[in-house]
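Chemist:
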Amino acid sequence: PRLPSQDRSLLVPVCPPRHLCDMGGAKTAYLIAYNAGCMAGWAYALYLALTALADGGALSSTWATMGTAIILSQSAMALEMVHAATGMVRSPVMTTVMQVLSRLQFLVWIPLAPTSASQWGCGMMAISWALVEVPRYAFYLNNLVGPGGQTGTLYPIFWLRYSLFAILYPTGITGEVLTLLACLADPSFASALGGFAPLLIKAMLVLYVPASPFMYMNMVKNRKGAFKKRFAKPPPPPKAPVGAEFPEDSKGGRSTSEAGKKAFAAAIGGSGVGEAEAAAAKPQDVTARQSLEAEVRALSRDVFVGHAQAWPGYDEAKRRVAVAAGYQDAKAGFEEARRTAYLAYAQARGKGAPPKSAAAAPAAAAASPGSLSLPPAPTASKTRVSHRDARRRDAPPARPTR
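If you count the sequence shown from 1, position 75 lands on 100 in our numbering, and the numbers rise without skipping.
(1) Spatial neighbours of F214 within its chain, please: CB distance less than 7 Å, with the 5 preceding and 5 following residues excluded, ordered by chain position.
(2) Determine the burial state of E341: buried for a count of at least 16 other Cβ atoms within 10 Å of its Cβ, exposed for fewer.
(3) Run the CB neighbour count on A383, radius 10 Å, all protein chains shown included, and call it buried at 16 or more, exposed below.
(4) Kindly confirm or deny that the stretch 100-112 and the stretch 185-197 touch, where touching means at least three C-beta pairs closer than 8 Å.
(5) Alpha carbon to alpha carbon, how far is A236 from I226?
(6) Taking the straight line between their C-alpha atoms, what separation do you get for A371 and E361?
(7) Given this structure, state the Cα-to-Cα distance separating Y367 from A349, to the nearest angstrom.
(8) Among M149, P261, L126, which has the Cα closest to the Cα of M431?
(9) Taking 7 Å as the cut-off, decide whether the C-beta atoms of A74 and I152 are in contact.
(10) Let's test the definition: count the other Cβ atoms within 10 Å of the Cβ of A109 and tell me whether it reaches 16, buried, or not, exposed.
(11) Hey, how far is the Cα of A89 from the Cα of T204?
(12) Please report the Cβ distance between E158 and W67, rounded to the nearest whole angstrom; I am assuming they are in contact, meaning their Cβ atoms lie under 8 Å.
(13) Out of L218, I198, F256, which has the shortest C-alpha to C-alpha gap to V133?
(14) Is P259 buried or exposed, if buried means 16 or more other CB atoms sit within 10 Å of its CB?
(15) When we look at the beta-carbon of M119 and count the other beta-carbons within 10 Å, is it buried (16 or more) or exposed?
(16) From G81 to Y72, what distance separates their C-alpha atoms?
(17) Could you spell out the range, first to last residue, of the alpha helix (DSSP H) harbouring P139?
(18) Around the C-beta of E318, are 16 or more other C-beta atoms found within 10 angstroms, so that it is buried, or is it exposed?
(19) Tell me which same chain residues have a C-beta within less than 8 Å of the C-beta of R128, skipping the five on either side of it?
(20) Which runs of the alpha helix (DSSP H) at least 4 residues long sit entirely within the stretch 130-212? Give them in chain order.
(21) Could you tell me which whole alpha helix (DSSP H) segments of length 4 or greater appear in the stretch 59-127?
(22) Using 8 Å for Cβ pairs, my map puts E105 next to T121. What's the rounded Cβ distance?
(23) Return yes when the Cβ of L84 is within less than 7 Å of the Cβ of L169, no when it is not.
(24) What do you get for Q124, buried or exposed, if any count of 16 or more other CB atoms within 10 angstroms of its CB means buried?
(25) Can you tell which of G177, W145, W184 has its C-alpha closest to the C-alpha of G197?
(26) With a Cβ-Cβ cutoff of 7 Å, do I95 and A70 count as a contact?
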């Protein structure tokens, strides 16, 4: 049902005032007159109610004082369904129809149940409606005649538009429910509309249970969004261009001429990239400078990736070369040490000089670095050895004495 705080039945026109010459001023002039008339009607009804209460009148007699003004102002809301259906305002058609009809139903129930207008719930409902509609129509009127947008609306009107619902929503919905219950209690209402009127009111009361919390939280969400847009930080200034840029053309772009594009394509082709034809065939909305920068970035990325991939292989090759050099040095030292030891052994045995095969071992080792063959064992000496010397040589070592 249409609740007092639900204010989406009439939204800001599609075009702001600065575009009236393009979209036509007749529609905007009509909306200005419509919103101004509705705001004046609801303001007059509110004036009548507050004046009666100030003179000592009771809240239960408020509808009798302002009822005529409310009927005229509320009936004018039926045009909001036409505005939404014709596209004059950006408002959902079904939502607008449900909201307007939920208000118009009271213009039918109250005359069918006269006693419902004489209870304080009906007066509270009427005053809540008036307090909601005056700021709402003032907000729409300010958007039509002012700069438009959240920041172009006067802040007092903006604050009332998105803050009054916190109080007027509970009071308005309470007054509507009490008025519907008073209609059901009226004896003459039982036979209204052929007996279907009480069933319709009971159905409306059931709809109020899930719709009330949903509508209230929706207004809370709308308020947060509106205040966030109004007090949003300004966008940061544009960054200074890096490097040279083409001058802007008539459309605001920075595209170069066809001759310039061909020159860039030829330069790319001469650099060895091999994509000159692809660069020349790019769409018109992509500039030649952007194509060239993309090619340079791609080449730089490939060079960097190739360098990163080749570096581990270079380290491994260098390590293997160092290992091979150390092996050759160790091998040469081993051969030299073995030859020196053999010479010392031969001199100790009285040979004087190594045999030809032993002397040729270092040369053979140098000729074939990969060979690790040992020199042949020394031949048996022809010098005669006495039996005593042989026994001494072959005898086991003497045991140590105590």
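C-beta: ideal position from N, C-alpha, C; glycine also. No experiment lies behind these values; they were computed from the predicted model shown.
Modeler: From the atom records:
(1) L137, A138, C208, A222, P223
(2) exposed
(3) The pLDDT assigned to A383 is 44, lower than 50, so where the model puts this residue is not dependable, and the model offers no usable value.
(4) no
(5) 15 Å
(6) 15 Å
(7) 27 Å
(8) It is not possible to answer for residue 431, since the shown part of the chain is limited to 26 through 427.
(9) yes
(10) buried
(11) 14 Å
(12) 4 Å
(13) L218
(14) exposed
(15) exposed
(16) 15 Å
(17) Careful: P139 lies outside any alpha helix (DSSP H) and carries neither H nor E.
(18) exposed
(19) R27, Q99, M102, W154
(20) 131-137, 145-170, 180-186, 190-210
(21) 87-101, 104-111
(22) 6 Å
(23) no
(24) buried
(25) W145
(26) yes
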